[in-house]
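J.: Let me begin by handing over the structure; questions about it come next.
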Amino acid sequence: MSIQQFSNISSNNFEQCVKCTVCTVYCPVTAVNPLYPGPKQAGPDGERYRLKRSDFYNEALKYCLNCKRCEVACPSGVRIGDIIQQAHMNYSHGSAGVRDRMLAHTDLMGGIATRLSPTVNGILRLTPVKLAMDLTLGIDRHRTFPAYTPRKFTTWFRRHALKRQDRFTRRVTYFHGCYVNYNFPRLGKDLVKLLNACGIGVDLMKDEKCCGVARIANRLIKQATDAAKVNLREIRAAVASGNDVIATSSTCIMTMRDEYPHLLGLDNADVRDHIMTATRYLYRLVENGDIKLVFKPDYLRRIAYHTPCHMAKLGWSVYSIELLKLIPGVELSVLDVNCCGIAGTYGFKKENYRYSQAIGKTLFDSIAQVNPDIVATDCETCKWQIEMSIPYRVSNPISILADALDVEATRAANNI
Amino acid sequence: MKFDTIIIGGGLTGLTAAISLAEKGRKTAIISAGQSALHFSSGSFELLGSVDGRPVENPVEAIDNLSERHPYRRIGKERMLQLLPLVQPLLTRAGVATTGSHYTNRYRLTPLGKVKPAWLTLDDFATFDSPERLPWRSVALVNIADFQDFYPVFLSAGLEKRGVKCSIHSTSIAALDNLRRSSTEMRAATMARVLDYEAVGVLAGRLNSVARHADAILMPAILGLTDDLMVRLLRRLVCKPVYFVSTMPTSVPGVRTQMLLQRYFMKLGGTYMLGDTVTHGEFDGDRLRHVFTTNHSPEPLSADNYILATGSFFSHGLVATPSAIVEPTFGFDVDAPADRAQWFRKDIDSAQPYMEFGIATDADWHPRRDGVTIGNVQCAGSILGGCNPVKEGCGAGEAILSSLNLTTV
Ligand code: SF4
Ligand code: SF4
Chain A
38 MSIQQFSNIS SNNFEQCVKC TVCTVYCPVT AVNPLYPGPK QAGPDGERYR
88 LKRSDFYNEA LKYCLNCKRC EVACPSGVRI GDIIQQAHMN YSHGSAGVRD
138 RMLAHTDLMG GIATRLSPTV NGILRLTPVK LAMDLTLGID RHRTFPAYTP
188 RKFTTWFRRH ALKRQDRFTR RVTYFHGCYV NYNFPRLGKD LVKLLNACGI
238 GVDLMKDEKC CGVARIANRL IKQATDAAKV NLREIRAAVA SGNDVIATSS
288 TCIMTMRDEY PHLLGLDNAD VRDHIMTATR YLYRLVENGD IKLVFKPDYL
338 RRIAYHTPCH MAKLGWSVYS IELLKLIPGV ELSVLDVNCC GIAGTYGFKK
388 ENYRYSQAIG KTLFDSIAQV NPDIVATDCE TCKWQIEMSI PYRVSNPISI
438 LADALDVEAT RAANNI
Chain B
53 MKFDTIIIGG GLTGLTAAIS LAEKGRKTAI ISAGQSALHF SSGSFELLGS
103 VDGRPVENPV EAIDNLSERH PYRRIGKERM LQLLPLVQPL LTRAGVATTG
153 SHYTNRYRLT PLGKVKPAWL TLDDFATFDS PERLPWRSVA LVNIADFQDF
203 YPVFLSAGLE KRGVKCSIHS TSIAALDNLR RSSTEMRAAT MARVLDYEAV
253 GVLAGRLNSV ARHADAILMP AILGLTDDLM VRLLRRLVCK PVYFVSTMPT
303 SVPGVRTQML LQRYFMKLGG TYMLGDTVTH GEFDGDRLRH VFTTNHSPEP
353 LSADNYILAT GSFFSHGLVA TPSAIVEPTF GFDVDAPADR AQWFRKDIDS
403 AQPYMEFGIA TDADWHPRRD GVTIGNVQCA GSILGGCNPV KEGCGAGEAI
453 LSSLNLTTV
């Protein structure tokens with residue numbers, strides 16, 4: 038072996054693949070969709086050919102969920118998911134159609150829909166409309182769109198929370214994301230309640246764009262990059278003012294920490310360590326004794342924790358799990374790591390619906406076996422998928438912590 | 053995050069140590085960079101199969117004939133005899149059912165029809181008292197149509213040599229038709245993910261119809277990726293004994309063993325961090341204070357004690373650069389010649405010197421860093437070096453016993 042060969046390794050490590058096939062064992066798509074070549078074939082194996090001739094690109098790569106479970110399993114550090122996404126971005130000829138654009142612009146759609154929410158929610162639930170979307174747009178008719186809220190989180194925050202934040206010197210910047218803003222402001226409110234009770238003030242960004250995960254998945258790279266640049270500018274401003282930036286969605290965080298540099302080529306090394314999930318942020322403060330959480334003794338729940346794929350990739354489920362364990366009345370079971378099958382906008386597409394449900398089956402069965410009062414998970418699309426598929430209620434760990442919190446006692450313990 | 057013990061490496065070595073500690077109530081974490089070599093398991097754990105090229109019948113007795121550098125000699129025969137009886141019960145508690153004994157090797161069938169010594173073998177597989185006399189007059193070898201990672205022809209040649217009559221069959225069931233459409237993805241583990249109750253019922257019917265005249269059925273190990281439920285179900289539904297034969301990797305029973313051990317460890321309250329890599333450590337004289345990982349940096353992970361179980365070259369526990377053999381995580385001193393020419397022999401079949409390279413450890417298994425012994429780190433498993441697991445058939449024994457030795461009083 039020449040010395041040159043030894044040091045000549047791509048940033049995505051594809052030369053490091055030892056062909057062990059471990060990745061294929063964990064790919065959720067492989068077992069259910071024979072059209073998908075699997076991570077090894079679609080990733081490092083295919084890359085060798087594509088580097089020679091781009092027409093070796095195979096459109097079936099679009100079935101990849103970008104869940105990164107292959108990367109977590111790979112013993113050789115090959116960034117398989119990145120290789121596949123990059124190939125999809127660089128070589129695919131199909132351009133994103135109306136349906137993909139619509140699904141990709143979670144913020145734009147949300148912005149319009151919240152203004153019209155009673156109408157939109159009604160319309161999206163009408164069977165003829167669902168059928169029409171199915172036939173004309175290819176959005177599967179079995180899907181229920183998450184309901185849009187009549188009042189955005191940011192509106193609530195400005196009216197009811199903003200002023201109160203001035204009382205706190207310790208502060209953190211909250212990246213609420215599209216889901217909290219347009220569909221589920223309650224989660225944002227829960228976070229504000231929790232942080233304020235511990236003496237931490239919440240700032241929002243001046244200009245927050247969608248993290249871009251749906252745009253990347255739908256190959257709207259220019260739009261994703263433009264939004265990412267705005268977010269990075271805002272993150273830098275927050276960090277400069279001494280704040281960390283947190284989110285309640287593991288996918289938004291994974292996207293801003295890892296997909297920005299790996300897929301969009303935007304360097305974030307200067308601020309990357311300050312971007313984290315809310316549970317990691319909280320856990321660190323609790324562990325260092327900087328804040329104290331006091332819980333109601335009568336909050337009694339059996340909870341099953343589901344690790345979202347992107348949380349597994351971040352390696353941070355341990356923070357959510359350890360925080361939930363602090364609640365005295367919680368009996369916690371940690372489920373085996375299995376993909377729920379939705380993967381953001383993927384499962385909404387007609388061509389993916391049946392694979393999506395087949396992938397989720399293992400997880401659904403394992404939840405039913407535990408039969409918990411609540412399923413806890415840090416990802417909103419996992420929540421949709423589980424709630425659409427089986428009769429269990431799903432909550433973000435932050436909402437569970439907020440529910441279980443004894444606010445007065447916590448304020449007292451933190452000298453508020 | 054703080055733990056009593058952090059174990060770096062999540063394969064058989066790390067998991068054994070972790071379970072042993074967690075059972076004693078220690079707060080334990082495993083950090084594992086990807087999945088482990090258990091994914092290539094043959095389905096048997098070997099203790100000692102051969103010394104100086106001669107087959108071993110009684111592993112415990114044969115320990116005396118090993119070189120002094122061999123981890124078994126360093127653990128000592130007496131201590132080995134104290135630890136060995138703990139192994140099978142530990143596996144059983146984790147749900148891994150095995151057959152075998154450390155006094156006398158049993159024998160298992162390889163995918164190519166050879167017979168090899170084994171210590172403990174998963175109950176999926178057949179084992180024999182003797183390498184020559186097999187317990188069958190005739191067997192049916194049943195493959196799944198179009199499955200390329202299983203070789204009934206070799207298997208039957210090997211069995212016929214030992215006087216067993218073989219008939220070869222190929223069958224298929226509708227549940228696998230989907231997979232058959234992709235030649236690269238028709239693998240043992242993928243099939244195992246598809247074969248549910250219903251499919252196993254159909255498969256059992258096929259086996260019953262082909263195997264009427266055989267004493268036993270041998271088929272590729274394609275059942276039971278996350279637990280052994282489907283294996284037990286199939287056996288209950290088939291009228292003849294069914295034994296599995298390992299396939300090309302990835303090994304279904306191997307993945308299951310990994311999952312069962314991991315699940316048991318987590319049930320004991322352990323923390324398993326998969327897909328994370330320790331990038332470096334922070335030392336204070338002769339102690340390792342913290343480790344830093346890709347996922348948790350800039351926050352450190354801290355423990356009173358650390359066990360290094362990162363394996364040998366394959367899993368990057370050791371790395372050969374053009375000029376030196378190094379331990380890449382902490383830069384611990386390695387016991388290997390500086391001269392590259394002494395690392396390997398050109399004859400690919402002969403025992404390769406690099407297989408025996410490992411960390412330089414003291415009598416208590418502590419590594420050295422720039423000559424300073426690190427008192428709160430111990431090493432276990434194949435990173436120890438001093439033996440040739442391939443030639444001697446001692447890989448699993450080394451993994452399990454060196455970690456039990458560190459974690460058992
Ligand atoms: S797990 Fe990693 S090394 Fe193994 S085949 Fe997949 S990409 Fe290659
Ligand atoms: S990212 Fe997920 S879906 Fe894509 S190849 Fe990897 S494991 Fe499969």
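In order, the protein sequence lines correspond to chains A and B.
Note that my numbering gives residue 167 to position 130 of the first sequence, counting from 1, and the numbers run on in steps of one.
Note that my numbering gives residue 425 to position 373 of the second sequence, counting from 1, and the numbers run on in steps of one.
Glycine included, every Cβ here is placed at the ideal spot set by N, Cα and C.
(1) Are there any heavy atoms of ligand 2 lying less than 8 Å away from the beta-carbon of A:Glu108, as far as the coordinates show?
(2) For a quick check, are the C-beta atoms of B:Thr156 and B:Glu109 less than 9 Å apart?
(3) Residues of chain B with CB closer than 8 Å to the CB of A:Lys350, please, in chain order.
(4) Alpha carbon to alpha carbon, what distance is there between A:Cys111 and A:Pro65?
(5) Indicate whether at least one CB of chain B lies closer than 9 Å to the CB of A:Asp227.
(6) Hey, out of A:Trp353, A:Lys333, A:Asp335, A:Tyr336, whose CA is closest to A:Tyr342's CA?
(7) Could you list which residues in chain A have their beta carbon closer than 7 Å to that of B:Pro301, in chain order?
(8) According to DSSP, is B:Met426 part of a helix, a strand, or is it coil?
(9) At a CB-CB cut-off below 9 Å, which residues of chain A make contact with B:Val307?
(10) Nearest to B:Phe463 by CA position, among B:Ala74, B:Gly66, B:Leu73, B:Ser96, is which residue?
(11) Confirm the yes/no value for this check: CB of A:Val66, any heavy atom of ligand 2, distance under 8 Å.
(12) Please return the same chain residues whose Cβ sits closer than 6 Å to the Cβ of B:Thr462, not counting the five positions on each side in sequence.
(13) With a Cβ-Cβ cutoff of 9 Å, do B:Gly445 and B:Pro169 count as a contact?
(14) Do the CB positions of A:Tyr94 and A:Ser129 come within less than 9 Å of each other?
(15) Mind listing which residues of the region 101-116 of chain A have their C-beta closer than 8 Å to chain B's C-betas, in chain order?
(16) For A:Asp263, count neighbouring C-beta atoms within 10 Å of its own C-beta (all shown protein chains included) and say buried if the count is 16 or more, exposed if not.
(17) Closest by CA to B:Arg189, which one among B:Gly215, B:Asp175, B:Asp198?
(18) Confirm, please, whether the CB-CB distance from A:Ala68 to A:Ile396 is below 9 Å.
(19) Within a Cβ cutoff of 7 Å, which residues of the same chain sit near A:Met313, ignoring the five residues on either side of it in sequence?
(20) Is there a Cβ from chain A that is less than 9 Å from the Cβ of B:Phe429?
(21) Could you name the residues of the same chain whose beta carbon sits closer than 6 Å to that of A:Leu232, not counting the 5 residues immediately before and after it, in chain order?
(22) Can you list, in chain order, the residues of its chain whose CB lies under 6 Å from that of A:Tyr86, leaving out five sequence neighbours each side?
(23) Any beta carbon of chain A sitting closer than 9 Å to that of B:Gln87?
(24) With respect to the alpha helix (DSSP H) encompassing A:His347, which residues constitute its N-terminal and C-terminal limits?
(25) Can you name the start and end residues of the beta strand (DSSP E) that B:Thr459 belongs to?
(26) The region 436-455 of chain B: which residues have C-beta closer than 8 Å to a C-beta of chain A, in chain order?
(27) Using 8 Å as the cut-off, classify the Cβ of A:Gln53 as near or not near the heavy atoms of ligand 1, replying yes or no.
(28) Quick one: what's B:Ser190 bridged to in DSSP?
(29) Report the partner residues of B:Ser354 according to the DSSP bridge assignment.
(30) Three-state secondary structure (DSSP) at A:Phe401?
(31) Should A:Ile121 be listed as close to ligand 1, given that the test is whether its C-beta is under 8 Å from any heavy atom?
(32) Let me check you understand the geometry: is the CB of A:Ile117 closer than 8 Å to at least one non-hydrogen atom of ligand 2?
(33) Return yes when the C-beta of A:Pro112 is under 8 Å from any heavy atom of ligand 3, and no when it is not.
(34) Below 8 Å on the Cβ atoms is my guess for B:Gly66 versus B:Ala448; work out the distance and round it to an integer in Å.
(35) Where in the region 131-218 of chain B do unbroken runs of the beta strand (DSSP E), each at least 3 residues long, occur, reported from the N-terminal end onward?
(36) Is the closest heavy atom of ligand 1 to the C-beta of A:Pro187 under 8 Å?
T.: Checking against the coordinates, here is how it stands:
(1) As a position in the first sequence, residue 108 of chain A is number 71, starting the count at 1. Set against 8 Å, the gap from the CB of A:Glu108 to the closest heavy atom of ligand 2 is smaller.
(2) To locate residue 156 of chain B, count along the second sequence from 1; it is residue 104. To locate residue 109 of chain B, count along the second sequence from 1; it is residue 57. Their beta carbons are under 9 Å apart, which means B:Thr156 touches B:Glu109 by this criterion.
(3) As a working mapping, residue 350 of chain A is identified with position 313 in the first sequence. What A:Lys350 touches in chain B: Gly327.
(4) Within the first sequence, residue 65 of chain A is the residue found at index 28, counting from 1. Within the first sequence, residue 111 of chain A is the residue found at index 74, counting from 1. Note on geometry: alpha-carbon atoms of A:Pro65 and A:Cys111 lie some 14 Å from one another.
(5) Here residue 227 of chain A refers to the residue found at position 190 of the first sequence. It does not: the Cβ of A:Asp227 has no partner Cβ on chain B nearer than 9 Å.
(6) Your numbering for residue 342 of chain A matches position 305 in the first sequence. A:Tyr342 has its Cα closest to that of A:Trp353, out of A:Trp353, A:Lys333, A:Asp335, A:Tyr336.
(7) By 1-based counting over the second sequence, the position of residue 301 of chain B is 249. Going along chain A in sequence order, the residues near B:Pro301 (Cβ under 7 Å) are Cys57, Thr58.
(8) Position 374 of the second sequence, counting from 1, holds the residue named residue 426 of chain B. Note that residue 426 of chain B corresponds to Ile in the displayed sequence, not to Met. Three-state result, B:Ile426: coil.
(9) Translated into positions along the second sequence, residue 307 of chain B becomes position 255. Residues of chain A passing the Cβ test: Val59, Val62.
(10) Because residue 463 of chain B is not part of the residues shown, which for chain B are 53 to 461, the question remains open.
(11) Start at 1 with the first residue of the first sequence, and residue 66 of chain A comes out as number 29. Checking every heavy atom of ligand 2 against the Cβ of A:Val66, one is found closer than 8 Å.
(12) The structure shown does not extend to residue 462 of chain B, since chain B is modelled only from 53 to 461, so the question has no answer here.
(13) Position 393 of the second sequence, counting from 1, holds the residue named residue 445 of chain B. Position 117 of the second sequence, counting from 1, holds the residue named residue 169 of chain B. With respect to the 9 Å criterion, B:Gly445 and B:Pro169 are classified as neighbours on the basis of their beta carbons.
(14) The residue labelled residue 94 of chain A in the question sits at position 57 within the first sequence. The residue labelled residue 129 of chain A in the question sits at position 92 within the first sequence. Against a cut-off of 9 Å, the Cβ pair of A:Ser129 and A:Tyr94 comes out as a contact.
(15) For the region 101-116 of chain A, the set of residues with a beta-carbon nearer than 8 Å to any beta-carbon of chain B comprises Glu108, Val109, Ala110, Cys111, Pro112, Ser113, Gly114, in chain order.
(16) Locating residue 263 of chain A in the first sequence gives position 226, counting from the first residue. Exposed, since its Cβ has fewer than 16 Cβ neighbours within 10 Å.
(17) Indexing the second sequence from 1 puts residue 189 of chain B at position 137. Ranked by how close their Cα comes to the Cα of B:Arg189, the residues B:Gly215, B:Asp175, B:Asp198 have B:Gly215 in first place.
(18) Here residue 396 of chain A is taken as the residue at index 359 of the first sequence, counted from 1. Here residue 68 of chain A is taken as the residue at index 31 of the first sequence, counted from 1. Note that the C-beta distance between A:Ile396 and A:Ala68 is below 9 Å.
(19) On the first sequence, position 276 is the one that residue 313 of chain A refers to. These residues qualify, in order along the chain: Asp281, Ile283, Ile290.
(20) In the second sequence, counting from the first residue as 1, residue 429 of chain B sits at position 377. Position check: residue 429 of chain B holds Val in this sequence, whereas Phe was assumed. Closer than 9 Å: no.
(21) By 1-based counting over the first sequence, the position of residue 232 of chain A is 195. Cβ neighbours of A:Leu232 beyond the five flanking positions: Val239.
(22) Looking up residue 86 of chain A in the first sequence gives position 49. Cβ within range, chain order: Phe93.
(23) Residue mapping note: residue 87 of chain B aligns to position 35 of the second sequence, counting from 1. Interface residue (Cβ-Cβ distance to chain A less than 9 Å): B:Gln87 is classified as such.
(24) Counted from its first residue, the first sequence places residue 347 of chain A at position 310. Counting along the chain, the alpha helix (DSSP H) containing A:His347 begins and ends at 346-351.
(25) By 1-based counting over the second sequence, the position of residue 459 of chain B is 407. From DSSP, B:Thr459 is part of no beta strand (DSSP E) but of the alpha helix (DSSP H) over 447-459.
(26) Taking a C-beta cut-off of 8 Å against chain A, none of the residues of the region 436-455 of chain B qualify.
(27) Numbered from 1 along the first sequence, position 16 holds the residue referred to as residue 53 of chain A. A:Gln53: yes, Cβ under 8 Å from ligand 1.
(28) For this step, residue 190 of chain B is matched to residue 138 along the second sequence. As a beta-bridge residue in DSSP terms, B:Ser190 pairs with B:Lys217.
(29) In the second sequence, counting from the first residue as 1, residue 354 of chain B sits at position 302. Paired residue(s): B:Lys54, B:His342.
(30) Here residue 401 of chain A corresponds to residue number 364 of the first sequence, with the count starting at 1. Of the three classes helix, strand and coil, the one that applies to A:Phe401 here is helix, per DSSP.
(31) Position 84 of the first sequence, counting from 1, holds the residue named residue 121 of chain A. No, the Cβ of A:Ile121 stays beyond 8 Å of every heavy atom of ligand 1.
(32) Walking along the first sequence from the start, residue 117 of chain A turns up at place 80. At least one heavy atom of ligand 2 lies closer than 8 Å to the C-beta of A:Ile117.
(33) This structure simply doesn't include ligand 3; it includes ligand 1 and ligand 2 instead.
(34) Position 14 of the second sequence, counted from the first residue, corresponds to residue 66 of chain B. Position 396 of the second sequence, counted from the first residue, corresponds to residue 448 of chain B. The beta carbons of B:Gly66 and B:Ala448 sit about 13 Å from each other, so the pair does not count as a contact at 8 Å.
(35) Considered as a whole, the region 131-218 of chain B harbours 150-152, 158-161, 167-170, 172-174, 190-196 as its complete beta strand (DSSP E) runs of no fewer than 3 residues, in chain order.
(36) As a first step, residue 187 of chain A must be located in the first sequence, where it is residue number 150. No - ligand 1 has no heavy atom lying nearer than 8 Å to the Cβ of A:Pro187.
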